[in-house]
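Written out below as structure tokens is the structure these notes cover.
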Ligand SMILES: Nc1ncnc2c1ncn2[C@@H]1O[C@H](COP(=O)(O)OP(=O)(O)OP(=O)(O)O)[C@@H](O)[C@H]1O
Ligand SMILES: [Mg+2]
């Protein structure tokens, strides 16, 4: 969808290259995050895609067409653009700001109104805000309007330069989650710039790590960057807790669950003890036709012939197949056990996950 | 000098000269509106050129600054052999004093438009012209209006000086009053021109509020440029 081939940029009056011989292939529907230290050429790279900056060498294709051979104004109207400081038009209301590109594209008023309402709804903006000016909004609301505005004509490609940088970490996390949800549906091709590696890991399908001078150090999915950093620069940039960060990217379902001691609630105490023995635990999970009920320990079976007489206790270290390994580890550690129970849809019992299995996963990286 | 023996104001004179007061008042307004209007027509394109091409700003500011520093009487004396005792003479003088104020304030307003707003607008596909008319000029409007207000108020003051060449609106009363030691006329001319200046300023401020509803709640702010020279009445 977007391809950079040997792109370099040298600003007039500067001896060093801001971007050096950069080649990147960005597929349709993919979110690629450019990340790297300040001044490494992330913004420059992004702005060459919509020709706000013209490359000194190399070719940039958007949708197979060379950007340098297109009218920059038409090119830009087809690419959503969000900048760090958002740049809302201070003299236009929220609704007018969102309507900016549709107006430039000469949509009729009815269609514009409908689109504005739809986007405000999508981005959780109260309709009451429509007639406010940007200076009357909170930081988070401004960011939402900025992103909504970039999506107004539903462009297939979005360029986002640190779009969530101007808000506090809590609001940022919420905006990231919301945006991931929206992107899940829209499947835009996105070039996203940040200098925050955690944001990159969270948002990216693939991460491009740039060094000063716009030198590409590694271009790979987040999991691979964490597991196998290409060189010392990447390893250093990714920083401490590389193993833990990677656990956040792996779902429980991906490494598979282990078999654990499990018995039906109709089973006899004798059978429960046998199952515990077999797995080497002194407790067992209790299910009702596959549905998770809780657990019983060896002691509570004393003098009771059947499990039906023993009320099962609730699991506190409980995760689902969709949980990340990091969440599983957290559940295990905070509950001071070494096992978490894994449930699927409708509380269906799937198995257990041990701290040993998780640490194996860390070591294997 | 003002003759102290007279009564301060003779109302019977005022009431018997209603027709004349009205026509000089209208002339005063006309001279001002034309001066600022023509000043805007000249300064607006110059300001835009100076904004787009920074290197032209210095010569433009220098030249209009030079016009501004020529004393009004001297300017009228220079123009008299060419354009005579006419409206043209008065207007050339008045217009040339508005240029510096209008250009400076327009350029200040345009350069106060935040860089990120322009960047976002360009990135969304505004052409250079759309950017100027739909983003830069609307955002510069408070500064431009401030310039117009200063120009209007100082032109209303300067028109009285044009009484020297017989085209002074309300200034005519002041001049005659001074020549005949008649306080009523001096006061009438002074009070009415000050009242006109205050009313015009308030009206323009009101217009600005209506035109820029967004600026009341924030947005870019620039301080208006007010030149150092206060045009005063040259005799008396
Ligand atoms: N218009 C310009 N003229 C000259 N040099 C520039 C220009 N824009 C950027 N540069 C230089 O190019 C290099 C890359 O800048 P760029 O803005 O792309 O960095 P960045 O990776 O986006 O940094 P940050 O994370 O701080 O935003 C820097 O050294 C910068 O000083
Ligand atoms: Mg940047």
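Residue numbers (the numbering used here), protein chains in the order written: chain H, 39 to 403; chain V, 394 to 629.
Glycine included, C-beta positions come from ideal geometry on N, C-alpha and C.
Let me know if residue i comes out buried or exposed under the rule of 16 or more other beta-carbons within 10 Å of its beta-carbon.
i	result
residue 169/H	exposed
residue 372/H	exposed
residue 355/H	buried
residue 451/V	exposed
residue 285/H	buried
residue 298/H	buried
residue 448/V	exposed
residue 32/H	The structure shown has nothing for residue 32/H, since chain H only spans 39 to 403.
residue 131/H	buried
By how many angstroms is the C-alpha of residue j removed from the C-alpha of residue i?
i	j	result
residue 425/V	residue 598/V	17 angstroms
residue 179/H	residue 186/H	10 angstroms
residue 93/H	residue 118/H	20 angstroms
residue 174/H	residue 166/H	12 angstroms
residue 419/V	residue 561/V	11 angstroms
residue 62/H	residue 176/H	36 angstroms
residue 172/H	residue 164/H	14 angstroms
residue 549/V	residue 590/V	6 angstroms
residue 43/H	residue 107/H	15 angstroms
residue 401/H	residue 383/H	30 angstroms
residue 421/V	residue 202/H	57 angstroms
residue 312/H	residue 387/H	20 angstroms
residue 45/H	residue 511/V	26 angstroms
residue 442/V	residue 499/V	11 angstroms
residue 233/H	residue 192/H	27 angstroms
residue 155/H	residue 136/H	10 angstroms
residue 361/H	residue 243/H	18 angstroms
residue 368/H	residue 259/H	24 angstroms
residue 225/H	residue 526/V	35 angstroms
residue 414/V	residue 576/V	15 angstroms
residue 626/V	residue 428/V	With a pLDDT of 41 at residue 626/V, under the threshold of 50, the modelled position of this residue cannot be trusted, and the question is left open.
residue 463/V	residue 524/V	37 angstroms
residue 394/V	residue 411/V	Reliability fails at residue 394/V, whose pLDDT of 46 lies under 50, so the model's placement of it is uncertain and no value is given.
residue 458/V	residue 537/V	18 angstroms
residue 144/H	residue 357/H	51 angstroms
residue 269/H	residue 103/H	34 angstroms
residue 557/V	residue 446/V	40 angstroms
residue 460/V	residue 489/V	6 angstroms
Assuming the contact rule is C-beta atoms closer than 8 angstroms, residue i and residue j should be a hit. Round their C-beta distance to whole Å, please.
i	j	result
residue 354/V	residue 484/V	Nothing about residue 354/V can be reported from this structure: the residues present for chain V run from 394 to 629 only.
residue 546/V	residue 593/V	7 angstroms
residue 213/H	residue 189/H	Not really, about 14 angstroms apart at Cβ, beyond 8 angstroms.
residue 604/V	residue 534/V	6 angstroms
residue 55/H	residue 251/H	6 angstroms
residue 582/V	residue 570/V	7 angstroms
residue 69/H	residue 228/H	4 angstroms
residue 324/H	residue 391/H	Incorrect: roughly 18 angstroms between the Cβ atoms, too far for contact.
residue 551/V	residue 465/V	6 angstroms
residue 206/H	residue 120/H	In fact, because the Cβ distance is near 18 angstroms, the residues do not count as touching under 8 angstroms.
residue 84/H	residue 47/H	With 8 angstroms as the limit, residue 84/H and residue 47/H do not qualify as a contact, their Cβ atoms being about 11 angstroms apart.
residue 310/H	residue 339/H	6 angstroms
residue 518/V	residue 115/H	4 angstroms
residue 345/H	residue 397/H	With a Cβ gap of about 32 angstroms, residue 345/H and residue 397/H do not count as contacting.
residue 100/H	residue 150/H	Not quite, the Cβ-Cβ distance comes to about 25 angstroms (not below 8 angstroms), so this is no contact.
Which residues mark the beginning and the end of the alpha helix (DSSP H) in which residue i is found?
i	result
residue 499/V	480-504
residue 138/H	138-142
residue 145/H	Segment: none, residue 145/H is in no alpha helix (DSSP H) and carries neither H nor E.
residue 215/H	207-224
residue 434/V	411-445
residue 365/H	363-372
residue 468/V	465-476
residue 510/V	508-516
residue 520/V	Taken as a continuous stretch (DSSP letters only), residue 520/V belongs to no alpha helix (DSSP H), as it is neither H nor E.
residue 237/H	235-241
Along the chain, where does the beta strand (DSSP E) that runs through residue i open and close?
i	result
residue 329/H	329-335
residue 197/H	195-199
residue 228/H	227-232
residue 248/H	244-249
residue 398/H	Looking at the DSSP string, residue 398/H is not in any beta strand (DSSP E); the run it does join, the alpha helix (DSSP H), is 393-401.
residue 380/H	377-381
residue 254/H	253-258
residue 358/H	356-358
For residue i, which residues in chain B fall below 7 angstroms Cβ to Cβ?
i	result
residue 114/H	Included in the structure are the protein chains H and V, with no chain B among them.
Tell me the start and end of each unbroken beta strand (DSSP E) in the stretch 41-95 of chain H that is at least 3 residues and wholly inside, in chain order.
Taken in chain order, the unbroken stretches of beta strand (DSSP E) that lie wholly in the stretch 41-95 of chain H and span 3 residues or more are 57-64, 69-73.
_Completely contained beta strand (DSSP E) runs for the stretch 102-183 of chain H, where each covers 3 or more residues_ = Positions of the beta strand (DSSP E) runs, each at least 3 residues long and wholly inside the stretch 102-183 of chain H, are given as 117-120 in order along the chain.
Could you pull out every unbroken beta strand (DSSP E) segment of at least 3 residues lying fully inside the stretch 265-348 of chain H, listed in chain order?
-> 300-302, 321-326, 329-335
Please list the segments of the beta strand (DSSP E) lying wholly inside the stretch 552-606 of chain V, counting only runs of 3 or more residues, in order along the chain. none
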